[in-house]
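Numbering of the sequence shown is given in my numbering, commencing with residue 29 and proceeding in unit increments. Virtual Cβ for every residue (Gly too), placed ideally from N, Cα, C. Source: prediction; values computed, not measured.
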Amino acid sequence: MVLNLQQEIEFIEQSFHKAGFDTINCGHENKSCSFNILAFRPEKFVITKVTDNIDSIPNDYLLEMSLIAHLINGLPLLVGHSNRRSHLQDNAIYMRFHSQIIALNFTTLNKILTNNILPYKLARRGQFIVKIDGSKMRNKREDMSLSRKELSQMLDLSKKSIAEYERGNMNANVNNLKKIEQKLSIRVRLPLDIFNHKIKYEKINNLLNNKPDNKKPYIADEISEILEEIGLNQFWTKKSPFDVLINIPVSSESKNGWLFPIISSIFPSEEQEVIARIKLLSRMLSFLKINGTVIVEGKSNAKKCQKAGVPTIEHKELKEVKNPKEFKKLVQKKM
């Protein structure tokens, strides 16, 4: 049975639930949000974008996924059926967006979540490579009383390749892996634990501090100027349930490159779409246990947001802030 996108998202949510995750569904339209599912269980956050072709997602969306994943120390995932060349293989992972995002197919993710069966193939430069358990390979060879030269002749591989596999200095292609495992009658492939993947902050740091586009509310440009004058980093999103990521600049040596991160939305009107996004932001803040606010123009809008459970900062309050230290105090006061 072929599932449509919404059904696939629901199926993936069910798999997360079976694995003990709580989830937030952030929208099922393919281009309505930079991610569809936010999943959480103790010590693990996963941000998932579901699509047909993993190479069809714009870089703007991938950047947003990477930044949010970095902010919450989470895992960004693309789940799809194909890339621009072919269908995605089972038991394989594909790296995207400067190797920041892991991509895989539905079957592979379901195996990980429901059966703890980890993939072992990594797509790289048109082929798949596999990490070898060198100690296990060497021990089995020695148990069989084979020298490296003898094993190399049996496998039609060089003696140097055997040595490099055993030392853990070289990955194998899938064909060589099969030959090794068949001859030694043992599995030497190492599984790839996607939950050990970490975002490399330095690779995306230079992409921070953008400006709001013309689709943002009319006060966004002024707020951006105020944040810049205060001395704060800012990243304006295009397809996320909030408008801007804000943080206090720190040195590259600081933990994760973030200090007092904030996710924030702008509330210039009472349109249903805006109110729905504020409610989603409220759920995300509770879910992620991080700081967040909504920047509003007046007290009437502030009351609307507070009913949704989101702290608010009035536009005029923000204009009075002089530096990052005062900004932090203001946010803490509102929390």
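Exposure label - LEU31; buried when at least 16 CB within 10 Å: By the neighbour-count rule (16 or more Cβ atoms within 10 Å), LEU31 is not buried but exposed.
THR135 versus GLU170 - alpha carbon distance: Cα to Cα, the separation comes out at about 37 Å.
The segment 104-124 contacting the segment 71-84, beta-carbon criterion three pairs below 8 Å: The segment 104-124 is in contact with the segment 71-84.
Runs of beta strand (DSSP E) lying entirely within the segment 151-183, each at least 3 residues, in chain order: As summarised for the segment 151-183, the continuous beta strand (DSSP E) elements at least 3 residues long and confined to that stretch are 155-158, given in chain order.
8 Å Cβ cutoff met for LEU99 and PRO339: Remark: C-beta atoms of LEU99 and PRO339 do not approach each other more closely than 8 Å.
Beta-bridge pairing of ASP50 - partner residues as DSSP gives them: For ASP50, which the question treats as bridged, DSSP gives the partners PHE68.
Backbone CA spacing between ASN351 and VAL272 [nearest angstrom]: When the Cα atoms are used, ASN351 and VAL272 turn out to be separated by approximately 18 Å.
Exposed unless 16 or more other CB atoms sit within 10 angstroms - verdict on THR142: By the neighbour-count definition (other C-beta atoms within 10 Å, threshold 16), THR142 is an exposed residue.
Beta-carbon contacts of MET198 that lie in its chain and below 8 Å, excluding the five residues immediately before and after: Taking MET198 as the centre and dropping the five residues before and after it, the same chain places the C-beta of ILE160, SER189 and GLU192 closer than 8 Å to its C-beta, in chain order.
Stretch pair the segment 251-271 + the segment 33-46: three plus CB contacts closer than 8 Å: They do not touch, by the three-pair rule.
Length of the line joining the Cα atoms of PHE63 and ILE75: Distance between the alpha carbons of PHE63 and ILE75: 7 Å.
Cβ-based neighbour list, CYS333, same chain, cut-off 7 Å, excluding 5 preceding and 5 following: Cβ neighbours of CYS333 beyond the five flanking positions: PHE295, ILE306, VAL322, VAL324 and THR340.
For ILE276 and ASP221, the rounded distance between their alpha carbons: Taking the straight line from one Cα to the other gives about 32 Å.
Alpha-carbon spacing of GLN128 relative to ILE227, whole angstroms: Here the C-alpha atom of GLN128 lies approximately 6 Å from the C-alpha atom of ILE227.
Sequence-distant residues of the same chain with beta carbon closer than 6 Å to SER268, five excluded per side: Same-chain partners within the cutoff: SER62 and GLU92.
Cutoff 6 Å; reference LEU346; Cβ partners in own chain excluding five residues on either side: If we look at LEU346 and ignore the five residues flanking it on each side, its Cβ neighbours are ILE254.
Close-in-space but distant-in-sequence residues of the same chain around SER310 (CB under 8 Å, 5 per side omitted): Within the same chain, SER310 has close Cβ partners ALA336, GLY337 and VAL338.
Residue environment, PHE223, which counts as buried when at least 16 other CB atoms sit within 10 Å: Burial call: exposed.
Between the CA atoms of CYS54 and ILE37 - distance to the nearest angstrom: Between the C-alpha atoms of ILE37 and CYS54 there is a straight-line separation of about 10 Å.
Same chain, Cβ closer than 8 Å to THR51, five either side skipped, listed in chain order: The beta carbon of THR51 lies closer than 8 Å to those of GLU41, PHE44, HIS45, ILE65, LEU66, ALA67 and PHE68 in the same chain, with the five residues before and after it left out.
Where TYR246 sits in the DSSP three-state scheme: Coil, per DSSP.
ALA131 vs GLY102 beta-carbon contact at 8 Å: Contact flag unset, no.
For GLN128, three-class secondary structure by DSSP: GLN128: coil per DSSP, three-state reduction.
Check whether SER173 and PHE125 have beta carbons under 8 Å apart: Contact: no.
Start-to-end residues for the beta strand (DSSP E) that takes in LEU346: Unbroken run through LEU346 is the alpha helix (DSSP H), 343-347; no beta strand (DSSP E).
Alpha-carbon to alpha-carbon, LYS72 and TYR148: Those two C-alpha atoms are separated by around 21 Å.
Per DSSP, the bridge partner or partners of PHE73: According to DSSP, residue pairing for PHE73 in a beta bridge involves PHE68.
For ARG217, the three-state DSSP class (helix, strand or coil): In the structure shown, ARG217 sits in a strand (DSSP, three-state: E or B).
LEU218 to GLU209 span [Cα, whole Å]: The C-alpha of LEU218 lies about 12 Å from the C-alpha of GLU209.
Buried versus exposed call for GLU348 [16 or more other C-beta atoms within 10 Å across all chains shown]: Exposure of GLU348 is indicated by the presence of fewer than 16 other C-beta atoms within 10 angstroms of its C-beta.
Cross-strand partners of LYS149 (DSSP beta bridge): In DSSP, LYS149 forms a bridge with ALA120.
Member of VAL158, HIS343 and MET312 whose CA lies at the smallest distance from the CA of ASP249: Checked all of VAL158, HIS343 and MET312; the closest Cα to ASP249 is HIS343.
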